[in-house]
Amino acid sequence: MGRKTFKRGSSSKFIQIDHWLYDSPAWQSLKPGPRALYLELKRKFNGHNNGAVFLSQRDAAKALNVGRDTIAAYYSELVLKAFIIQTMGHCLGPQGVGQATKWALTEYPFNEVPATKEFMHWKK
Numbered sequence: 017m018g019r020k021t022f023k024r025g026s027s028s029k030f031i032q033i034d035h036w037l038y039d040s041p042a043w044q045s046l047k048p049g050p051r052a053l054y055l056e057l058k059r060k061f062n063g064h065n066n067g068a069v070f071l072s073q074r075d076a077a078k079a080l081n082v083g084r085d086t087i088a089a090y091y092s093e094l095v096l097k098a099f100i101i102q103t104m105g106h107c108l109g110p111q112g113v114g115q116a117t118k119w120a121l122t123e124y125p126f127n128e129v130p131a132t133k134e135f136m137h138w139k140k
């Protein structure tokens, strides 16, 4: 029986969590809420947009079914443990439309600089 051939783009999308990240002390210390937020941010990462990954607090709160204040605490914990870094703050755009904060995931390269994986140096 022949192998099934897959056409480009026909496979389902997924989010990969490597064992080294999952086993890191920083990841193990995260509560479920910040872990879920990180997965939502990682879902927005397409392989080429690190540093421009965005997810508004309102959209994140809706996706995770929690309040906006709770999401703010989740973002703070991810920043504190160095899973994400802010690359651009939120602001009102030229037409008065709000623009969400942009983030970089430290497990991936950013601006042609290799991935820092700063969370791997986190200690309790």
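Taking our numbering, the leading residue of the sequence shown gets 17, the next gets one more, and so forth. No residue lacks a Cβ here, since even glycine has one placed at the ideal position from N, Cα and C. The structure displayed is predicted, hence computed values, not measured ones.
Reduced DSSP category for residue i - H, G, I as helix; E, B as strand; rest coil
i      : result
Lys29  : coil
Leu121 : strand
Val95  : helix
Thr103 : strand
Same chain, Cβ closer than 8 angstroms to residue i, neighbours up to 5 away in sequence not counted
i     : result
Glu56 : Leu71, Ala76, Ala79, Leu80
Cutoff 6 angstroms; reference residue i; Cβ partners in own chain excluding five residues on either side
i      : result
Pro50  : Tyr90, Glu93, Leu94
Met104 : Lys118
Ser39  : The question names Ser, but residue 39 is Asp in the sequence shown. Nothing meets the Cβ criterion.
DSSP bridge partner residues for residue i (one or two, in chain order)
i      : result
Phe70  : Lys118
Phe126 : Val129
Do the stretch 126-135 and the stretch 106-117 meet, that is, are 3 or more Cβ pairs less than 8 angstroms apart? no
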